[in-house]
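Chemist: Have a look at the structure that comes next, please.
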Amino acid sequence: MITLTVNNKKINVDVDPDTPLLWVLREHLDLMGVKYGCGVAQCGACVVHLNGEAVRSCVTKISRAANQQVVTIEGLSEEGDHPVQKAWVELDVVQCGYCQAGQIMSAAVLLKENKNPTDADIDAAMAGNICRCGTYVRVRQAIKRAAEIQRNAK
Amino acid sequence: MKRFSKAFIIVVSLSVGIVLMSFVIDNEVSTNKNFAIKDSVTSVKAFHEVYKVLLSPRCMNCHPSGDIPLQGDDSHAHAMLPKRGVDGKGVYAMKCGNCHQSANTEGSGRPPGAPNWHLPPANMKMVFQGKSEHDLAKQIANPKTNGNKNLKQLIAHAEDGLVKWGWEPGEGRTLPPLTYDEFKKAWNTWLENGAYAPSGK
Numbered sequence: 001m002i003t004l005t006v007n008n009k010k011i012n013v014d015v016d017p018d019t020p021l022l023w024v025l026r027e028h029l030d031l032m033g034v035k036y037g038c039g040v041a042q043c044g045a046c047v048v049h050l051n052g053e054a055v056r057s058c059v060t061k062i063s064r065a066a067n068q069q070v071v072t073i074e075g076l077s078e079e080g081d082h083p084v085q086k087a088w089v090e091l092d093v094v095q096c097g098y099c100q101a102g103q104i105m106s107a108a109v110l111l112k113e114n115k116n117p118t119d120a121d122i123d124a125a126m127a128g129n130i131c132r133c134g135t136y137v138r139v140r141q142a143i144k145r146a147a148e149i150q151r152n153a154k
Numbered sequence: 155m156k157r158f159s160k161a162f163i164i165v166v167s168l169s170v171g172i173v174l175m176s177f178v179i180d181n182e183v184s185t186n187k188n189f190a191i192k193d194s195v196t197s198v199k200a201f202h203e204v205y206k207v208l209l210s211p212r213c214m215n216c217h218p219s220g221d222i223p224l225q226g227d228d229s230h231a232h233a234m235l236p237k238r239g240v241d242g243k244g245v246y247a248m249k250c251g252n253c254h255q256s257a258n259t260e261g262s263g264r265p266p267g268a269p270n271w272h273l274p275p276a277n278m279k280m281v282f283q284g285k286s287e288h289d290l291a292k293q294i295a296n297p298k299t300n301g302n303k304n305l306k307q308l309i310a311h312a313e314d315g316l317v318k319w320g321w322e323p324g325e326g327r328t329l330p331p332l333t334y335d336e337f338k339k340a341w342n343t344w345l346e347n348g349a350y351a352p353s354g355k
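First to last, the protein sequences are chains A and B.
Residue numbering for the first sequence follows our numbering, beginning at 1 and increasing consecutively.
Residue numbering for the second sequence follows our numbering, beginning at 155 and increasing consecutively.
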């Protein structure tokens with residue numbers, strides 16, 4: 001039995017310690033926001049927060065998450081009102097949407113560590129999140145807007 | 155005959171002295187003051203072997219000349235172009251540990267892993283890529299450019315988990331040209347005999 005905290009709830013799961021965190025989230029906890037993309041840490045669709053870091057859950061074994069804090073897109077904010085989520089809606093970033101949970105989770109880490117990111121900062125932070133629809137320009141605009149929302153909220 | 159032998163000994167001694175001095179004069183002096191034994195010939199010979207390993211992809215890929223790690227046996231720039239960051243552990247959502255676990259992820263093309271996966275920090279990049287034998291030996295022997303390591307710490311560095319990972323790199327990655335034991339022996343021989351740098355000429 002492995003215990004971890006997911007979106008502020010303590011969870012016990014009876015799985016092999018080598019099971020990817022992604023499959024525990026999706027198949028055992030029914031958290032479908034996190035997506036399976038490539039399965040080899042190349043695309044970023046499976047990004048969730050592990051102790052505040054944007055880990056790729058497809059290659060993160062559940063044993064690494066034992067007794068740790070995991071946050072998924074479902075738990076990023078209580079009302080879907082994280083500055084990044086607000087900006088995403090405002091700028092209508094999403095096209096097909098498959099990669100967007102991973103994009104948002106990565107962007108949230110960027111804005112936590114850098115309140116006023118430049119284009120270069122955004123590129124450096126988001127280089128591991130691939131979007132087949134090519135929403136990159138709107139992603140960049142939305143991160144800048146999210147930074148504004150975050151600053152204005154204080 | 156006795157006089158000849160004496161003269162012969164003097165000539166040989168002078169010759170050996172000149173050869174040894176030439177290592178010193180040719181910028182081959184160790185910059186690390188912790189080295190008690192001085193045998194430049196043995197030391198330099200060992201470094202020739204050490205150098206082959208240091209420039210193999212398993213070592214050099216994480217000691218790049220730029221701020222992006224290298225990957226693969228052809229040492230191309232790492233996919234996604236992750237940045238070194240201040241501490242060598244990446245930036246923002248692109249930190250090394252976000253993909254690289256404490257052990258290799260099984261399967262070809264999947265992220266390799268070891269505890270504390272990282273590049274050297276930005277304030278001491280410890281570049282291997284493109285370095286000559288002379289420059290790399292001097293860099294590693296000097297605490298000001300080797301991560302503040304003295305002789306004892308340099309010798310211990312061969313036991314570092316990330317260094318040893320080079321010999322267990324996972325599927326699809328070639329091994330360094332020496333076995334780990336051969337490397338460790340050459341590394342220690344180089345260091346314990348004065349950490350001399352091969353000639354820069």
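Don't be surprised by glycine CBs; every beta carbon is placed ideally from N, CA and C.
If A/Ile11 and A/Lys86 are in contact, beta carbons under 8 Å, what's the gap, nearest whole angstrom?
Modeler: Their Cβ separation, rounded to whole angstroms, is 28 Å, which puts A/Ile11 and A/Lys86 out of contact at 8 Å.
Chemist: Whose Cβ in chain B lies nearer than 8 Å to the Cβ of A/Asn114?
Modeler: Tyr246
Chemist: Bridge partners of B/Asn258, per DSSP?
Modeler: Answer is none; B/Asn258 lacks a bridge partner.
Chemist: Looking at chain B, is there any beta carbon in it that lies within less than 8 Å of the beta carbon of A/Val56?
Modeler: The sequence given here has Arg at residue 56 of chain A, not Val. Yes - at least one Cβ of chain B is within 8 Å of the one on A/Arg56.
Chemist: Would A/Asp103 and A/Asn129 qualify as a contact pair, given that the criterion is a beta-carbon distance under 8 Å?
Modeler: The sequence shown places Gln at residue 103 of chain A, rather than the Asp named in the question. Result yes, Cβ atoms of A/Gln103 and A/Asn129 sit closer than 8 Å.
Chemist: Using beta-carbon positions only, say whether A/Thr135 and A/Gln69 come within less than 8 Å of one another.
Modeler: A/Gln69 is positioned such that its CB atom lies no closer than 8 Å to that of A/Thr135.
Chemist: Between the Cα of A/Leu76 and the Cα atoms of A/Leu21, A/Pro20 and A/Leu31, which residue gives the shortest distance?
Modeler: A/Leu31
Chemist: Is it the case that the stretch 10 to 29 of chain A contacts the stretch 52 to 67 of chain A, given that we only count it when at least three CB pairs across the two stretches are under 8 Å?
Modeler: Enough Cβ pairs lie closer than 8 Å, so yes.
Chemist: Between the Cα of B/Lys318 and the Cα atoms of B/Glu336, B/Lys306 and B/Asn302, which residue gives the shortest distance?
Modeler: B/Glu336
Chemist: Report the rounded CA-to-CA distance for A/Gly52 versus A/Val15, giving the unit in angstroms.
Modeler: 24 Å
Chemist: Decide if the stretch 334 to 348 of chain B is in contact with the stretch 201 to 216 of chain B; the criterion is three or more beta carbon pairs, one per stretch, under 8 Å apart.
Modeler: yes
Chemist: By the criterion of Cβ-Cβ separation under 7 Å, what are the contact partners of A/Val59 in chain B?
Modeler: Cys253, Gln255, Thr259, Arg264 and Pro265
Chemist: Could you tell me whether the Cβ atoms of A/Tyr42 and B/Ala310 are closer together than 8 Å?
Modeler: Residue 42 of chain A is actually Gln in this sequence, not Tyr. Cβ atoms of A/Gln42 and B/Ala310: not closer than 8 Å.
Chemist: Below 8 Å, how does it come out for the stretch 260 to 271 of chain B and the stretch 322 to 338 of chain B: are there three or more Cβ pairs, yes or no?
Modeler: yes
Chemist: Using the Cα positions of A/Leu91 and A/Arg140, report the straight-line distance between them to the nearest angstrom.
Modeler: Taken atom to atom, the span from the alpha-carbon of A/Leu91 to that of A/Arg140 is near 10 Å.
Chemist: Tell me the rounded alpha-carbon separation between B/Glu313 and B/Asn304.
Modeler: For the pair B/Glu313 and B/Asn304, the Cα-to-Cα distance works out to about 15 Å.
Chemist: If we define contact as Cβ-Cβ less than 8 Å, is B/Val178 a contact residue for chain A?
Modeler: Model confidence at B/Val178 stands at a pLDDT of 40, short of 50, so the residue's coordinates are unreliable; what they give is reported in the following sentence. Not an interface residue.
Chemist: List the residues that DSSP assigns as beta-bridge partners of A/Glu53.
Modeler: According to DSSP, A/Glu53 bridges with A/Leu50.
Chemist: List the residues of chain B whose Cβ lies closer than 8 Å to the Cβ of A/Thr42, in chain order.
Modeler: It should be noted that the sequence gives Gln, not Thr, for residue 42 of chain A. Under the 8 Å cutoff, chain B gives Ala233 and Met234.
Chemist: In chain order, what residues of the same chain lie with their CB nearer than 7 Å to the CB of B/Arg238, ignoring the 5 residues before and after it?
Modeler: Within the same chain, B/Arg238 has close Cβ partners Asp221, Leu273 and Ala276.
Chemist: Can you pull out the residues from the stretch 92 to 111 of chain A whose beta carbon lies closer than 7 Å to at least one beta carbon of chain B?
Modeler: Residues Ser106, Val109 and Leu110.
Chemist: Output, in chain order, the set of chain B residues within a Cβ distance shorter than 9 Å of A/Val47.
Modeler: Ala247 and Asn252, listed in chain order.
Chemist: How many Å lie between B/Leu308 and B/Cys253 at the Cα?
Modeler: 29 Å
Chemist: Please tell me whether B/Lys199 has its Cβ less than 8 Å away from any Cβ of chain A.
Modeler: Any Cβ of chain A closer than 8 Å to the Cβ of B/Lys199 would place that residue at the interface, and such an atom is absent.
Chemist: Contact check, B/Val245 vs A/Ala124 under 8 Å by CB: the rounded distance?
Modeler: 5 Å
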